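Below you'll find the structure, written out as structure tokens, and then a few comments.
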Amino acid sequence: MKNFFKGVRRHIGRLDAGQLREQYNRMADEAEFFDLILSTIDRGILVLDDRGGVKFENAAVKALTGMDGAQAVEALALPLGKASRREMSVTYPETKFLEVQTFPMKDGTLVQIRDTTAERQRSEEEMRVGATQAVRDLAAGVAHEIGNPLNAIALNLQILQRQLKGDETVAECLHQVSRLDGIIRGFLSALRPSKPNLVAGSVAEPLAACLKTLKQQFEDRRISVTLDVPGVLPGVAIDKAQMEQVFFNLLKNSLEAMKDGGKIEITVDSDDSDVAVTVRDSGDGMTKEQLAHLFEPYRTTKSGGTGLGLMVTSRIVRDHGGTIAAESAQGEGTTFTVKLPRIEKRIRELK
Ligand code: ADP
Ligand code: MG
């Protein structure tokens, strides 16, 4: 291109009218070609003469600033004939961050305008994530440090309890300490998730273990529990301890949603791709608003609750490649469904 113009310039005195027309047409084509390129790029390009008059502007100038070239020159108070760079925000046509650069050129200034909104948002998001991570580490550290003295207190209380046989004050202290311990454990598993150690197995096993742990509490509250597991069940890859935690959290919530007596139905089912465990209770149910924020941390309606149970539960299920869903209406009970991919499917997906 450059060479072409140089050539034309050098020989222009010797060209006849026909040749001149030909070269002129060629230049017009070239100009159109560059115009097309400049009109399609998303960077705003402005060429100003030495007094700031607009010699050229592409479509992006208006798209980015909401102004035409002349208005933009005035509004942005661009330095003429100098190199400069600055960041600014505009609120029209929408809120955006722009980077405006000027470059001196022969008899004028070249201006480039670039949209940096996405870049900025990304770095702000990175900062936010970083900050939460720092807060999390701190909280996990504190929770961990509380764990040791708490254990010592529990041990000593147990000794006291033996010495003072059946003292109610000591019993109450022990009860509160074990509650605190539960809360801290919950915190730690929420803050420091450990990746599941997946082993081929069946959901029936952790379910059974969990029901055994909660048996007494079900009886105390006169809650009937039914478990319906088909004789042949496809295998799933599970971390048994973590899955037990999942079912424990779900069943504990069901239990807590029933004041006096009730029913919990657990069914296990499978289709071509998943094994599904459904826990249906006849408890108080939830409002739409509660349902909408169900898996978020610290959302609890219980005076002694942490609001961490379902967050941990959903995370474990997700780490198993599964899904968890809830259905509920106030006064009508609640149904949770946990779906885990069958082993064959998971292998297929990982391939
Ligand atoms: P927590 O049990 O400590 O409150 P969870 O994360 O386990 O925390 O549960 C969060 C909230 O979801 C509960 O406080 C309760 O309002 C609601 N919830 C969960 N499961 C049920 C259920 N089976 N029936 C009614 N409400 C439930
Ligand atoms: Mg809970």
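Heads up: the sequence shown is residues -19 to 331, going by the numbering used here.
For every residue, glycine included, the Cβ atom is placed at its ideal position computed from N, Cα and C.
All of these numbers come straight from a predicted model, not from anything done at the bench.
CA-to-CA distance, residue j to residue i, given in whole angstroms
i, j, result
"residue 187", "residue 224", "6 Å"
"residue 40", "residue 6", "26 Å"
"residue 9", "residue 0", "14 Å"
"residue 115", "residue 122", "11 Å"
"residue 104", "residue 19", "31 Å"
"residue 251", "residue 155", "44 Å"
"residue 274", "residue 167", "17 Å"
"residue 248", "residue 289", "22 Å"
"residue 236", "residue 198", "10 Å"
"residue 36", "residue 90", "9 Å"
"residue 170", "residue 322", "26 Å"
"residue 57", "residue 126", "59 Å"
"residue 59", "residue 277", "52 Å"
"residue -2", "residue 47", "42 Å"
Residue of the options minimising C-alpha distance to residue i
i, options, result
"residue 334", "70, 236, 203 and 165", "There is no way to answer for residue 334, as the model of the chain reaches only from -19 to 331."
"residue 208", "233, 246 and 136", "246"
"residue 301", "219, 2 and 237", "219"
"residue 206", "163, -8 and 191", "191"
Cβ-based burial, residue i [other Cβ within 10 Å; buried from 16]
i, result
"residue -6", "exposed"
"residue 132", "exposed"
"residue 179", "exposed"
"residue 85", "exposed"
"residue 174", "exposed"
"residue 144", "exposed"
"residue 38", "buried"
"residue 254", "buried"
"residue 52", "buried"
Beta-carbon spacing of residue i, residue j below 7 Å
i, j, result
"residue 182", "residue 213", "yes"
"residue 204", "residue 243", "yes"
"residue 70", "residue 49", "no"
"residue 297", "residue 318", "yes"
"residue 312", "residue 265", "yes"
"residue 61", "residue 44", "no"
"residue 320", "residue 216", "yes"
"residue 176", "residue 222", "yes"
"residue 234", "residue 271", "no"
"residue 83", "residue 55", "no"
"residue 88", "residue 28", "yes"
"residue 95", "residue 130", "no"
May I ask you to verify whether the stretch 255 to 263 touches the stretch 273 to 286, counting CB pairs closer than 8 Å and requiring at least 3? no
Taking one C-beta from the stretch 95 to 103 and one from the stretch 71 to 81 each time, how about it: are there three or more such pairs within less than 8 Å? yes
What does the shell around ligand 3 hold, if a residue joins when its beta-carbon is under 5 Å from any heavy atom? Of the ligands this structure carries, namely ligand 1 and ligand 2, none is ligand 3.
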